[in-house]
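Colleague: One structure coming up, written as structure tokens, with questions to follow.
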Amino acid sequence: MPQQQNPRSSTWWFFLLFPKQGAGYGPRQMMFTLAASVGSQVNIAGISHQGMDLRRPLANGLDRFNTVAVGWIHDGVQLHEDVVHQLAPATLSTEGYLTAWADAPGREPHGAEIRVAADDPLALEAHFRGERGEARFRTWGDLDSRVTAPHEAINIHTPLGGTHFVAWRYVHFAGEFTSPAGTETLTGIGYFQRVCLNVPAFPWKWVWALLPDGTLFSAYVPYAGLQALRRKHAFYRSGLEKATLPVLPGAFLYRPGWDDWLRVDRVAVRPDFNAGPYPHFAIRAANKAGDFIQFRAEPHAHARFFMDRQVLRGRLRTHFDYNEYLFRMVGVSGRVAGQPFDEGSAGPGYGNLEYTWGLGF
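Residue 264 is where the sequence shown starts when you use this note's numbering, and the numbers rise one by one after that.
Right, here's the structure in full:
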């Protein structure tokens, strides 16, 4: 949406994938993204480059800009970061594709592409390749609800900026994935989103958790707190870290076959620090009807992504830190539609929790 962009804009497309394994969906996970930002000098995931130019030419339905392709794979035992980690010139077309490949002597191009499938206008085909691995996969939905179909989640446009999210919260996927652990053909459930953020990047917590029967719990909690000022990858004392104010939070529960989600918008996501390498998170969501779900997210791996941008003609560097905690759901309890909801009935669940901080002006 170049017509809506401004000096604070950033855009990314990402897939979060949970392969089916044994009785459930975890602990394996995979994430692949293409990210871009406006600015004369930006740094995405440690790669400094010329960002998107607001005055770039647009013709014949084509938009060209620099982007960074990133991908990681957790093989069930170990997280392999930087499977893909590549700056590449991107071409985005109204004909239904985004390509971003960087050539280099003596090797296949590295980068990524996402295309509308030739045989299905509501399926996506993706290909990511990097120094440490590769992924070729296809995603599609059931299209029987706004959870299983692509959905315009947010559309805010004002003279001062806005946001536009297209979320496909529940997709099927199948493909071949290569990491330092080897090559596998995998299928499962995943998430796709395209974000156009035309305001400064702001802190949020986002939870996406999947149970063995395909039940999905998701929560999105923008928040205000001292974390907006944090520029280093370090936590405050536990009390300060927890002292945040949710801003228009939202959460829902979805089970396969439902024609809509169950909203549980009274939601809290609080970090809890212990002797382990990662914080745990206490999560509770409820609604006025008495439905609720609560559990602890206990991470077993962590991946980091960040975005820096030079502003005020290079006199100031902004910083936005984007952390993903791969977790197991522990102590699940609740009540949904008058029925108990617990780990005994739901089975072991796994998820991904984004915890972001900083401000990306």
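Built from N, CA and C at the ideal position, the CB exists for glycine as well.
Since we're looking at a predicted model, the values are computed, not measured.
1. Quick check: does the Cβ of F568 come within less than 7 Å of any heavy atom belonging to the ligand PLP?
2. Taking the alpha-carbon positions, what's the R500 to G539 distance?
3. Under the rule that 16 or more other beta-carbon atoms within 10 Å means buried, what is Q341, buried or exposed?
4. Return the residue from the list N461, M264, I336 and F536 that minimises the CA-CA distance to G445.
5. With distances taken from CA atoms, which of R533, T411 and L474 is nearest W467?
6. Return the residue from the list G451, Q456, R457 and R494 that minimises the CA-CA distance to L473.
7. What residues in its chain sit with their C-beta under 6 Å from that of V331, if we drop five residues either side in the sequence?
8. From D535, G502 and R370, pick the residue whose C-alpha is nearest to that of R392; which is it?
9. Quick one: Cα of R271 to Cα of G610, how far?
10. What residue range is occupied by the uninterrupted beta strand (DSSP E) comprising L350?
11. How many Å lie between V572 and R598 at the Cα?
12. Assuming F480 and L516 make a contact with CB atoms under 8 Å, what is their CB distance in whole Å?
13. With a Cβ-Cβ cutoff of 8 Å, do A548 and F555 count as a contact?
14. If you scan the segment 411-444 from start to end, which runs of the alpha helix (DSSP H) of 4 or more residues do you find wholly inside it?
15. Tell me which residues share the same chain as V510 and place their Cβ nearer than 7 Å to its Cβ, disregarding the 5 neighbours each side in the sequence.
16. Under three-state DSSP, which class holds K468?
17. Where do the ends of the alpha helix (DSSP H) carrying L503 lie?
18. Between the segment 393-402 and the segment 430-442, can you find at least three pairs of beta-carbon atoms closer than 8 Å?
19. Pick helix, strand or coil for L321, following the three-state DSSP scheme.
20. For M264, collect the residues of the same chain with a Cβ closer than 7 Å to its Cβ; drop the 5 residues on either side in sequence, then sort them by chain order.
21. Following the continuous beta strand (DSSP E) through Q573, name the residue where it begins and the one where it ends.
22. Nearest CA to the CA of M570: which residue from T362, N586 and E358?
23. Between the C-alpha atoms of F278 and L575, what's the straight-line distance to the nearest angstrom?
24. For my contact list, F583 and A464 are in at a C-beta cut-off of 8 Å; report their separation, rounded to the angstrom.
25. Please report the distance separating the alpha-carbon of P542 from that of R291.
26. With W276 as the anchor, note down where its beta strand (DSSP E) starts and where it stops.
Modeller: By the coordinates alone:
1. Within the structure as shown, the ligand PLP is missing, as the structure has no ligands at all.
2. 15 Å
3. exposed
4. I336
5. R533
6. G451
7. A298, I307, A308, I310 and L350
8. R370
9. 43 Å
10. L342 to S356
11. Note on residue identity: the sequence assigns Arg, not Val, to residue 572. About 45 Å.
12. 5 Å
13. yes
14. none
15. P485, Y486 and A487
16. strand
17. S501 to K505
18. yes
19. DSSP places L321 in coil when its eight states are reduced to three.
20. So the list reads H427 and C459, once near-sequence residues are dropped.
21. F555 to V574
22. N586
23. 33 Å
24. 4 Å
25. 20 Å
26. Looking at the DSSP string, the run of the beta strand (DSSP E) that includes W276 is S273 to P282.
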